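Enquirer: Take -5 as the starting number for the sequence shown in this note's numbering and just add one per residue.
No residue lacks a Cβ here, since even glycine has one placed at the ideal position from N, Cα and C.
Predicted, not measured: the structure shown is a model, and the values here were computed from it.
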Amino acid sequence: MSWLPSPIYCRPVTTTLRTAADSVSRLVKKICSTLIAVLSLGLVASLIGTSCSAASPSALTVGSWSLSNQDFTTQLEAFADTYAKANGSASDLHGADGSSWATSFTAAFLNDQLSLQLARIDAAQRGIEITDADRAAAQKLLEENFTSSQGGSYFADLDPGYQKSLIEGLAAQSAVISVLQAEGTSDEALRRLYDASGDKYKGEQVCASHILIFAGTGQGQSTPTDAEYAQSLAKIAQIQSQLKGTSNFADLAEANSDDSGSGANGGDLGCNPRGSFVPEFDDAAWTQPIGVVGKPVKTQYGYHLIIVRVRGELTFDAVKEDLASSLKSNLTELLAAELANVAATVQVGVDGRYGQFVATSGTIISPAGSSSPSTLARTMADLAGSSQG
């Protein structure tokens, strides 16, 4: 659907381990409904760090850990073979000449390695013990994620060193996420989440939740019939009769909403600027009273029940409660902020042929002056910025 911002349809699944796993699996699978990226912050050229801007013996260094260029090449080749098995071809991992690696791919690959190593450092600094059970759970999930459309797992075909790096890093990310989830409602943690959100809360925004009942197919490509609208309205009215003020809105959304992306998060649509939704929905979100469930709203998709939590200039104090209530869906952003803080305390170096380190966000992007991103890179950018549900 195109009527809502794309992140609404890219909600991660419920386990903290799977949240961490999605950062690495997105390089193999490119379907939004099954993949969620862990790290995503708005990046601009002026913020790019200069660490290791030229070619160096190591493709990536993070503190005392390093990935040699030779090992990096071996891992890329093994990964490309795995990618080809899962997707039928690995052509979009290569540059225009068909032989060199696309810099969008090398940067994304190194960015995943960076996030995993930062998680290991964070876990060690926090005194978190990574157990064999943690590693076994991480390996199991990786095997499930590195699959083809036919269901076969290719995780074992990856370079052994890369396998170990993924398992150790994923187990560490899972452990860190669990701690962040426990700490997440503190003002300090919420402030980090707010500060790491870039322009997300700049300007006037509306934070809302909804319950949608489709009229007909609900795809919005053809106008539903009067009978289909009537059926949608009847079901919305039935749901409306079950409301107990606003206290059970999230439960009713999860149980009934045809928007499965937001429904899994209690109907939460996050905070969005004016014009983010279809006109009828947008008008209601910007005019109906705050803190109450409005009258049913008819759109080309069916009928909606909408509740607006916050509207206007979103200062930290204005959205603090909203951040806390939606913490579960913001775990990836919280992790991104955490790892960015860790990155600021360690020395990170990147071979300039493969990527550039952005110190302010603790991430790696494509080298300056590189060719336009490949289809894979654009897909990963689309996937980035999703939240845990």
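Does the structure place the stretch 82 to 96 close enough to the stretch 176 to 183 that three or more beta carbon pairs sit under 8 Å?
Expert: no
Enquirer: At a cut of 8 Å, does the stretch 146 to 153 reach the stretch 282 to 292 through at least three beta carbon pairs?
Expert: no
Enquirer: Figure out for me which residue from Thr309, Asn335 and Leu299 has the closest Cα to the Cα of Ser235.
Expert: Minimum Cα distance to Ser235 is reached at Leu299.
Enquirer: Let me check understanding here. Comparing Cα to Cα, which of Asn105, Ser360, Gly255 and His88 lies closest to Gly163?
Expert: Asn105
Enquirer: Pick out the complete alpha helix (DSSP H) segments inside the stretch 55 to 94, 4 residues or longer, and give them in chain order.
Expert: 63 to 81
Enquirer: Counting only the same chain and skipping the five closest in sequence on each side, list residues whose C-beta sits under 8 Å from that of Trp394.
Expert: What is shown of the chain runs -5 to 383, which leaves residue 394 out entirely.
Enquirer: Could you tell me which of Ala113, Ile359, Gly197 and Arg186 sits nearest to Gly346, measuring between CA atoms?
Expert: Ile359
Enquirer: Excluding the 5 residues preceding and the 5 following Ile205 in the sequence, name in chain order all residues of the same chain whose CB lies nearer than 7 Å to its CB.
Expert: Ile233, Leu246, Ala247, Asn250, Ser251, Gly261, His298 and Leu299
Enquirer: Ends of the alpha helix (DSSP H) at Gly119?
Expert: Correcting the residue identity first, residue 119 is Gln in this sequence and not Gly. Taken as a continuous stretch (DSSP letters only), the alpha helix (DSSP H) holding Gln119 covers Thr97 to Gln119.
Enquirer: So does Glu182 have its beta carbon nearer than 7 Å to some heavy atom of the ligand FAD?
Expert: Ligands displayed in this structure: none; no statement on the ligand FAD is therefore possible.
Enquirer: Drop a sphere of 10 angstroms on the beta-carbon of Val38, count the other beta-carbons inside from all chains shown, and report buried for 16 or more, exposed for fewer.
Expert: The predicted position of Val38 is uncertain, since its pLDDT is 20 and thus under 50; a value taken from the coordinates is nonetheless stated next. Flag for Val38 reads exposed.
Enquirer: Distance cutoff 8 Å, beta carbons only. Does Gln107 sit that close to anything in chain D?
Expert: The chain labelled as chain D is not found in the depicted structure, where only one protein chain is given.
Enquirer: So which of Thr339, Asp189 and Phe208 has the shortest CA-CA distance to Leu328?
Expert: Asp189
Enquirer: Could you check how far apart the C-beta atoms of Tyr295 and Ala202 are, in whole angstroms? I think they sit under 8 Å.
Expert: Their Cβ separation, rounded to whole angstroms, is 15 Å, which puts Tyr295 and Ala202 out of contact at 8 Å.
Enquirer: Using the rule of at least 16 other Cβ atoms within 10 Å of the residue's Cβ for burial, across every protein chain shown, is Ser58 buried or exposed?
Expert: exposed
Enquirer: What is the DSSP secondary structure of Lys407, reduced to helix, strand or coil?
Expert: With the chain running from -5 to 383 in the structure shown, residue 407 is simply not present.
Enquirer: Should Gly356 go down as buried or exposed, given a rule of 16 or more other Cβ atoms within 10 Å for buried?
Expert: buried
Enquirer: For Asp262, which beta-bridge partners are listed by DSSP?
Expert: BP columns for Asp262 point to Ser203.
Enquirer: So, with DSSP's three-state summary, where would you put Thr219?
Expert: The DSSP-derived three-state label of Thr219 is coil.
Enquirer: With C-beta atoms as the reference, is Leu174 less than 8 Å away from Leu108?
Expert: no
Enquirer: Straight-line CA distance for Ala117 to Gln167?
Expert: 8 Å
Enquirer: Check whether the Cβ atoms of Glu332 and Val170 sit closer than 8 Å, and answer yes or no.
Expert: yes
Enquirer: Just the Cα atoms here: how many angstroms apart are Ser147 and Glu182?
Expert: One C-alpha to the other measures close to 41 Å.
Enquirer: Which one or two residues does DSSP pair with Gln232 in a beta bridge?
Expert: DSSP lists no partner for Gln232.
Enquirer: Flag this pair as yes or no: are the beta carbons of Gly264 and Thr100 separated by less than 8 Å?
Expert: no
Enquirer: With a threshold of 16 other CB atoms inside 10 Å of the CB of Asn242, please say whether the residue is buried or exposed.
Expert: exposed
Enquirer: Apart from the five residues just before and just after Ala132, which ones in its own chain have a Cβ nearer than 6 Å to its Cβ?
Expert: The residues Ile161, Leu164 and Ala165, in chain order, have a CB closer than 6 Å to that of Ala132 in the same chain once the five nearest residues on each side in sequence are set aside.
Enquirer: Pull the bridge partners of Ser147 from the DSSP assignment, please.
Expert: Per DSSP, Thr141.
Enquirer: Could you check which residue in Gly343, Gly197, Thr293 and Val336 has the C-alpha nearest to that of Thr309?
Expert: Gly197
Enquirer: Could you say which of Phe351, Ala244 and Leu227 lies nearest to Val291 if we only look at CA atoms?
Expert: Leu227
Enquirer: May I have the straight-line CA-CA distance separating Ile30 from Ser270, to the nearest angstrom?
Expert: At Ile30 the pLDDT is 24, less than 50, meaning the model places this residue with poor confidence; the figure from the coordinates comes in the next sentence. The alpha-carbon separation between Ile30 and Ser270 amounts to approximately 21 Å.
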